[in-house]
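**Student:**
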Amino acid sequence: MAMQSVPVRLEMVSKTFRDPKTKAEVHAVRDADFEIRPGELVTLLGPSGCGKTTTLRMIGGFELPTKGKILIGGNDVTYLPPNGRQTATVFQSYGLFPHLNVRDNVAYGLKIRKLPAQEIDQRVMRALGLVGLSELASRSPGRLSGGQQQRVALARSLVVEPQVLLLDEPLSNLDALLREQMRVEIRRIQKSLGITAIYVTHDRIEAMSLSDRVIVMKNGYIKQIGSPSEIYERPNSVFVAGFVGKVAFFPVDFEAQDEKGFCLCVLSGKKVKAGHKAEGAIPGSKAVIMARPESLRLLPSGEGIAEGIVSTKVYLGSSMEVFVTTSYGEILVQVDDPAEKRIADEGEKVGIGFNEALVRVLPQD
Amino acid sequence: MLFVMACLIFLAADLWMFSTVRNSFDKTMVQNIKTLAVAIAHSAPEDPGDIEGWVSGLADTYKGYSFYYMLGLPWEDGFREAGGDEELKKYWSEKQDAPDMLEALDSVSYLESYILKDKPRIGGLARNVVLAPVPNEAGDTAVGFVIIASDASRTSSFARLLNALMLIAFAIFSLGFGVATFSRDPITGYAILVLFAIVVAFVAFPLFEAVRLTLMREGKFSLSVWKAILGNTQYLKALWGSVQLGMHTATFSTFIGFVFAFAVARTSMKGKKIVTALATMPVISPPFSLTLSIILLFGNNGLITKRLLNLQNFTIYGLGGLTAVQTISMFPIAFLTLQGVLHAIDSTLEDASMDLNASRWQTFARVTLPLALPGIFSSWLLVFTNSLADFANPLLLSGSYRVLSVESYIEVTGMNRLANGAALSILLLLPTLTAFFVQRSWVSKKSFVVVTGKPSTRLSDLANPATRRIIEGFVVLTSIFIVALYGTIVAGCFVKNWGFDYTFTLANFSEALTRGKAALLSTITLAGIATPIAGILAMVAAVLVVRKNFPGKRILEGLIMTPFAIPGTLVGISYILAFNKPPLLLVGTGAILVINYVIRELPVGLEGGVATLRQIDPSIEEAAADLGADQATIFRTVILPLIRPAFISSMSYTFVRSMTAVSAIIFLISARWYHITIQIYNFSENIRFGLASVLSTTLIFIVLLVFGLMRILIRQSEHLEKTVSTR
Ligand SMILES: Nc1ncnc2c1ncn2[C@@H]1O[C@H](COP(=O)(O)OP(=O)(O)OP(=O)(O)O)[C@@H](O)[C@H]1O
Ligand SMILES: [Mg+2]
Chain A
3 MAMQSVPVRL EMVSKTFRDP KTKAEVHAVR DADFEIRPGE LVTLLGPSGC GKTTTLRMIG
63 GFELPTKGKI LIGGNDVTYL PPNGRQTATV FQSYGLFPHL NVRDNVAYGL KIRKLPAQEI
123 DQRVMRALGL VGLSELASRS PGRLSGGQQQ RVALARSLVV EPQVLLLDEP LSNLDALLRE
183 QMRVEIRRIQ KSLGITAIYV THDRIEAMSL SDRVIVMKNG YIKQIGSPSE IYERPNSVFV
243 AGFVGKVAFF PVDFEAQDEK GFCLCVLSGK KVKAGHKAEG AIPGSKAVIM ARPESLRLLP
303 SGEGIAEGIV STKVYLGSSM EVFVTTSYGE ILVQVDDPAE KRIADEGEKV GIGFNEALVR
363 VLPQD
Chain B
5 MLFVMACLIF LAADLWMFST VRNSFDKTMV QNIKTLAVAI AHSAPEDPGD IEGWVSGLAD
65 TYKGYSFYYM LGLPWEDGFR EAGGDEELKK YWSEKQDAPD MLEALDSVSY LESYILKDKP
125 RIGGLARNVV LAPVPNEAGD TAVGFVIIAS DASRTSSFAR LLNALMLIAF AIFSLGFGVA
185 TFSRDPITGY AILVLFAIVV AFVAFPLFEA VRLTLMREGK FSLSVWKAIL GNTQYLKALW
245 GSVQLGMHTA TFSTFIGFVF AFAVARTSMK GKKIVTALAT MPVISPPFSL TLSIILLFGN
305 NGLITKRLLN LQNFTIYGLG GLTAVQTISM FPIAFLTLQG VLHAIDSTLE DASMDLNASR
365 WQTFARVTLP LALPGIFSSW LLVFTNSLAD FANPLLLSGS YRVLSVESYI EVTGMNRLAN
425 GAALSILLLL PTLTAFFVQR SWVSKKSFVV VTGKPSTRLS DLANPATRRI IEGFVVLTSI
485 FIVALYGTIV AGCFVKNWGF DYTFTLANFS EALTRGKAAL LSTITLAGIA TPIAGILAMV
545 AAVLVVRKNF PGKRILEGLI MTPFAIPGTL VGISYILAFN KPPLLLVGTG AILVINYVIR
605 ELPVGLEGGV ATLRQIDPSI EEAAADLGAD QATIFRTVIL PLIRPAFISS MSYTFVRSMT
665 AVSAIIFLIS ARWYHITIQI YNFSENIRFG LASVLSTTLI FIVLLVFGLM RILIRQSEHL
725 EKTVSTR
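Going down the list, the sequences are from chains A and B.
To convert a position in the first sequence, counted from 1, into the working numbering, add 2.
To convert a position in the second sequence, counted from 1, into the working numbering, add 4.
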């Protein structure tokens, strides 16, 4: 089942719905413009209602863009119906045919393509083998567990050898453990087939652990596109920083950048430095410094950039999460190797410092 | 761009084709006139004295033509006008120096007929005018000529028809081609077009014709029909009669229905299944059957009234008998509605009330009844509208009591006053529409039932033992009465002459089945044709309504649902009005019956399909599209199997309701395409109760058979329903 990888390109794609009751316009997707490279797995990440599903459905042909163009493998497919494009979707609710058994579900697309019966049989068994369901071929989908149903849906999509695989929160109906297993499974299959895949999720861990690149969306806008480490370490907005991981924000006046590239800022009258900055942050304006828990450390009271009182400690084995109530809100500090250190007790006053090389200046929202 | 080009090319081809047809038609027509002219000219008499008699004789022989004869040619000596049609004479005197006429005279002098280029209006009609020479004996010179004028309006109406056809062909082409090129989903586009065409032609158009007829008098707008109807006490009496009957029936039906529903939903009575099955029998039983058995029991020569009690002044015909029959046939509607209502009321509420030390009676009066009240009211309205639309029962049983549905039937078939009939059946729509809007605006707002959510399956016995026994007694007696009614029909089959001679016989069977065979066969055939058509159309319409968005969707849905609300008599009358003339000359064919069945049963099928489809996760169909299936394939391989229960039940309802139809089809049947129910009616009217019983029993059997079959088929696909929705 080796497949030929193709790129997917969206050119200024917008989708506006009209609310059937109030007749108000809903801008589900606005000016989405990006390219997904051949063989890449890209996730669409964002809070509920930000337009992820709509974007995916436009690529699959289930919705018509209000504006813009969609290209798959260089061909304009904007107006092609779903059955006219080489995409295959794994639906959130799976969409298995309840009146067909597992084998016939997987064979459906091949029968539509009128392949010879023998080839259909072979390919179905191979696809079922790929997802580890060979034994259950004659079950009806109603009598499968959630994870098994999910794998049938995956096999059914893969067996037609689509150019692009679309997955809409395929794991949201599964329990945590199964979710992790299936995540690995999907990634393995996608890589081994070299298929271009677009994966929708609102779970940042899923997005981080699965994808080559992540597209973060909010209110229909694309906020940032980048590799998982890029959007975690170098977000360019407060929203992305907050959405992809735990983070503390300090409002500052961004004054200038020195010759080494450090950003000179003022935080409540104190001078502080930050290792890098987002593009939108301009010297001479108000800005925000973001610090991840692992770039923060606890100090004795009176030292560092902020003061606070320890409110909760959560022991996680290799590390400990310490929540400190400060005038900037509750800040999470990650302390590694907790066994080797004395850590302030709950209720104790502490200071907070950060690793200047790791923190980042972001423009104000 | 491509679209515009293709349309232009088609338009050019279209124009060329039709103008060719028109030209060749014109040519043959001119040829015909010329041939006629030659023949006439040759028959001219020698003797100038006979000329006048000959000309007037011609006008009698050739109707539609007029003639004017002249001796010699205008520039010759001795030229004179011999006479003929006065209007042609006038025309000749006006036009004799016109260039076209001079040319014509020229031709005539060379012994050639000539057809004038323009088509003058003579005597108010467009005419083709020919000048034909009358040759001398030797045949070398013209001794005179005839002006022949023939009616050109027929040919010009043919030309107009050709033009219309040409436009229609172009419209169909561009519409179809447009759908195919501009839509991502041409099959859906075609389905929408076809459904629209069907409902416009067979719902909107006939109703429009019916309304139009009541508003026209000799081609002009006039309210005279309505003035006549509303000023006539007879008709107003019939309106009041319908309303009165409706109120009686609705009240009794709702009461009995409520008692039954209460017994089933709120007591621990035994044999609930049997009671439910029995109570639903009258809904599906053929028309006339209950009326027939009431007449057998309580009629003038009835078993009970005459034989057992020997009553003299009692008559079942009239309001009382009608109320009784309608109540028995319609209380199941109330029962089914109210059973649903009571089931939807969470019985924890009643438990809570009794827990707070309310007695059972107090609980019933203060909790159950108020909660059920909107449901009770809407079931009353439902029965009321059904009673108004009822035609079969009053037809046999109204006696001197007048109701609108029968009155409009008599106007149409007895008096041949179609406009009055149409107006009366439209009048019938008034109370129905009122009830509908009351239901919409008031009852649905008052409804609390939906709020309480999940129905509770646990049963609380809301009647104390004494009350329960009374309720049970009532239910059992009513059930026995229903069984007895059906028993009477069966008994009627075996009796020689009901009312007079109760000896056992089997003769009824052979006679009824021989005389009813043709009707039975034609009914089964036509219902059988209508069934799959209605089933498929209903499911296609359901898919469009639930899954697709397109302009005019609400209108389409509304038009499909319309026949559900309008009384059958109105449908029947509007069909004879709309389809007794071209372009859709259907009256007298079997097609009109099939169309009628399909149109009238589409609403029920659509509702069922919509309800089922709403339960199905749309991503199942999207998955199929994604895997390469087009709309038609999705419909065939995914949707139909999934909505199979709705599909099957919609088909069986169509079949049964078509087999048992009366009100609309009584206007539409013909000697060739008769209907079994009308045959039953005829037998009953002629007091051949034995024969009517046999046919009724046969019909009941067929109905039961079809429903049994439906049950089995649906049960086979029951396992699906549980897994259809994964969401
Ligand atoms: N068919 C529709 N008609 C009207 N509005 C719609 C329709 N489909 C989506 N929307 C609106 O468009 C916006 C984006 O919806 P979308 O389903 O793409 O969100 P999402 O990011 O997938 O959210 P979730 O994570 O909850 O699935 C929402 O505000 C939604 O209400
Ligand atoms: Mg979504």
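In this text, a Cβ means the ideal position worked out from N, Cα and C, and glycines have one as well.
Under 9 Å between C-beta atoms, does V642 (chain B) make it to chain E?
**Tutor:** Here chain E cannot be found, since the structure's protein chains are A and B.
**Student:** Whole angstroms is fine: what's the gap from E415 (chain B)'s alpha carbon to T527 (chain B)'s?
**Tutor:** When rounded, the distance between both Cα atoms is 26 Å.
**Student:** Taking any heavy atom of ligand 1 as the mark, which residues have a C-beta closer than 6 Å to it, listed down the chain?
**Tutor:** Output, sorted by chain position: A:F19, A:D21, A:V28, A:A30, A:G48, A:S50, A:G51, A:C52, A:G53, A:K54, A:T55, A:T56 and A:H204.
**Student:** Going by beta-carbon coordinates alone, are G496 (chain B) and S697 (chain B) separated by less than 9 Å?
**Tutor:** Result yes, Cβ atoms of G496 (chain B) and S697 (chain B) sit closer than 9 Å.
**Student:** Any beta carbon from chain B within less than 9 Å of S140 (chain A)'s own beta carbon?
**Tutor:** Judged by the 9 Å Cβ criterion, S140 (chain A) is not in contact with chain B.
**Student:** Which residues, in order along the segment 593-624 of chain B, keep a beta-carbon less than 7 Å from a beta-carbon of chain A?
**Tutor:** Listed in sequence order: D621, S623 and I624.
**Student:** Give the single residue among B:W58, B:Q35 and B:G477 whose Cα lies nearest to the Cα of M273 (chain B).
**Tutor:** The residue with the shortest Cα to Cα distance from M273 (chain B) is B:G477.
**Student:** Does the structure place the segment 557-569 of chain B close enough to the segment 396-414 of chain B that three or more beta carbon pairs sit under 8 Å?
**Tutor:** In short, these stretches do not touch, since the Cβ pair count stays below three.
**Student:** Determine which residues of the segment 398-424 of chain B have a Cβ less than 8 Å from any Cβ of chain A, and write them out in chain order.
**Tutor:** Of all residues in the segment 398-424 of chain B, none has a Cβ within less than 8 Å of some Cβ in chain A.
**Student:** Roughly how many whole angstroms lie between the Cα atoms of S142 (chain A) and T80 (chain A)?
**Tutor:** Distance between the alpha carbons of S142 (chain A) and T80 (chain A): 35 Å.
**Student:** If you measure between the beta carbons of V666 (chain B) and G572 (chain B), is that distance less than 9 Å?
**Tutor:** Yes, the Cβ-Cβ distance between V666 (chain B) and G572 (chain B) is below 9 Å.
**Student:** Taking DSSP as the reference, what is the three-state secondary structure of Y4 (chain B)?
**Tutor:** This structure leaves residue 4 (chain B) out entirely; chain B is present only between 5 and 731.
**Student:** Quick check: the Cα distance between E625 (chain B) and G97 (chain A), rounded to an integer number of angstroms?
**Tutor:** Their backbone Cα atoms lie some 7 Å apart in a straight line.
**Student:** Counting only beta-carbon separations shorter than 9 Å, does Q94 (chain A) have a partner in chain B?
**Tutor:** Judged by the 9 Å Cβ criterion, Q94 (chain A) is in contact with chain B.
**Student:** If you draw a straight line from the C-alpha of T461 (chain B) to the C-alpha of P291 (chain B), how long is it?
**Tutor:** With a pLDDT of only 49 at T461 (chain B), under 50, the local geometry of the prediction cannot be trusted, and the value read off the model is given with reservation. Looking at the two C-alpha atoms, the distance is approximately 36 Å.
**Student:** Mapping the DSSP letters down to three states, classify Y732 (chain B) as helix, strand or coil.
**Tutor:** There is simply no residue 732 (chain B) to check, as chain B begins at 5 and stops at 731 in what is shown.
**Student:** Output the distance between the C-alpha atoms of L783 (chain B) and T701 (chain B), rounded to the nearest integer angstrom.
**Tutor:** Outside the displayed range of chain B (5 to 731) lies residue 783 (chain B), so it cannot be described from this structure.
**Student:** State buried or exposed for A4 (chain A), treating a residue as buried only when at least 16 other CB atoms are found within 10 Å of its CB.
**Tutor:** The pLDDT assigned to A4 (chain A) is 49, lower than 50, so where the model puts this residue is not dependable, and the model offers no usable value.
**Student:** Among the residues of its own chain, which have a CB less than 8 Å from the CB of Y330 (chain A), if the five just before and after it don't count?
**Tutor:** Only A250, F251, F252, P253 and A308 meet the Cβ criterion.
**Student:** Tell me where the alpha helix (DSSP H) around M184 (chain A) begins and ends.
**Tutor:** Start and end: A178 to L195.
**Student:** Give me the chain A residues within the contact set of F122 (chain B), using Cβ-Cβ distance strictly less than 8 Å, ordered along the chain.
**Tutor:** A quick correction: the sequence has Asp, not Phe, at residue 122 (chain B). Here the premise fails: no neighbours, minimum Cβ distance about 55 Å.
**Student:** At least one CB of chain B closer than 9 Å to the CB of G63 (chain A): is that the case?
**Tutor:** Answer yes: the Cβ-Cβ gap between G63 (chain A) and chain B drops below 9 Å somewhere.
**Student:** Give me, in chain order, the residues of the same chain whose beta-carbon lies closer than 8 Å to that of S136 (chain A); leave out the 5 immediate sequence neighbours on both sides.
**Tutor:** Taken in chain order, the residues that qualify are M127 and L130.
**Student:** Give the DSSP-derived three-state secondary structure of A360 (chain B) in the structure shown.
**Tutor:** Checking the sequence shown, residue 360 (chain B) turns out to be Leu, not Ala. Looking at L360 (chain B) - three-state DSSP - the assignment turns out to be coil, as it is neither helix nor strand.
**Student:** Applying a beta-carbon distance threshold of less than 8 Å, which residues of chain B neighbour V162 (chain A)?
**Tutor:** Per Cβ cutoff of 8 Å: L631 and G632.
**Student:** Within 9 Å of any Cβ in chain B, is that where the Cβ of A34 (chain A) sits?
**Tutor:** With 9 Å as the cut-off, A34 (chain A) does not count as an interface residue toward chain B.
**Student:** Below 7 Å between beta carbons is the criterion; list the residues of the segment 636-660 of chain B that meet it against any residue of chain A, in chain order.
**Tutor:** Within the segment 636-660 of chain B, the qualifying residues are T637, V642, P645 and L646.
**Student:** Using CA coordinates, which residue listed in B:G128, B:K310 and B:S117 is at the minimum distance from P139 (chain B)?
**Tutor:** The option with the nearest alpha carbon to P139 (chain B) is B:S117.
**Student:** Leaving out five residues on either side along the sequence, give the residues of the same chain with a beta carbon under 7 Å from the beta carbon of T482 (chain B).
**Tutor:** Excluding sequence neighbours, T482 (chain B) sits near I260.
**Student:** Would you check if the distance between the CB atom of A155 (chain A) and the CB atom of V92 (chain A) is smaller than 9 Å?
**Tutor:** Their beta carbons are under 9 Å apart, which means A155 (chain A) touches V92 (chain A) by this criterion.
**Student:** Can you tell me where the alpha helix (DSSP H) with S409 (chain B) in it begins and where it stops?
**Tutor:** Where S409 (chain B) is concerned, the enclosing alpha helix (DSSP H) stretches over L408 to Y413.
**Student:** Any idea if D21 (chain A) is buried or exposed, counting beta-carbon neighbours within 10 angstroms, 16 or more meaning buried?
**Tutor:** D21 (chain A) comes out exposed.
**Student:** Taking only three categories from DSSP, how would you classify V147 (chain B)?
**Tutor:** V147 (chain B): strand per DSSP, three-state reduction.
**Student:** Which class does C497 (chain B) belong to by DSSP, given the choice of helix, strand or coil?
**Tutor:** Helix at C497 (chain B).
**Student:** Taking DSSP as the reference, what is the three-state secondary structure of P139 (chain B)?
**Tutor:** Three-state DSSP puts P139 (chain B) in a strand.
**Student:** Check for me: the beta strand (DSSP E) holding T89 (chain A) runs from which residue to which?
**Tutor:** Element bounds for T89 (chain A): T89 to V92.
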